[in-house]
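**Student:** Residue numbers (our numbering): 47 to 148.
1) Which of the three DSSP states, helix, strand or coil, is assigned to residue 142?
2) Could you say which of 118, 62, 107 and 82 lies nearest to residue 145 if we only look at CA atoms?
3) Which value, in whole angstroms, describes the spacing of the CA atoms of residue 77 and residue 69?
4) Where does residue 116 fall in DSSP's three states?
5) Roughly how many angstroms lie between the CA atoms of residue 114 and residue 138, to the nearest whole one?
6) Go ahead and label residue 94 buried or exposed: buried means 16 or more other beta carbons lie within 10 angstroms of its beta carbon, across all protein chains shown.
7) For residue 107, name the three-state secondary structure that DSSP assigns.
8) Could you have a look at residue 133 and say whether DSSP puts it in helix, strand or coil?
Here is the structure:
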């Protein structure tokens, strides 16, 4: 990276945005085929669901996988299963997360 210290810091922020956009775009392919999402969720979380819509899928790795390393592992699996090749995010500042309430 070239630039001033502030420019470099700015470039290192929001690295999650392109990855999340790629995942969201790919999810459009599964809006009527939730079986693949169920399988990926099981691989990431270790639990089986009856159904997994695209919105719940996103919440799955932003809620239960809120620790940085676990979130990166989940994203690595998702990108691999979706056939998306891109650099993993290095930060998650500003990611909207869910807070499940029972």
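Ideal Cβ placement from N, Cα and C applies to all residues, glycine included. Computed from a predicted model, the values in this text were never measured in an experiment.
**Tutor:** Well, looking at it:
1) DSSP places residue 142 in coil when its eight states are reduced to three.
2) Distance from the Cα of residue 145 is smallest, within the candidate group 118, 62, 107 and 82, for 107.
3) So the alpha carbons of these two residues sit roughly 13 Å apart.
4) Three-state result, residue 116: helix.
5) Taking the straight line from one Cα to the other gives about 8 Å.
6) When all chains shown are included, residue 94 counts as exposed.
7) Here residue 107 sits in helix by DSSP.
8) Residue 133: coil per DSSP, three-state reduction.
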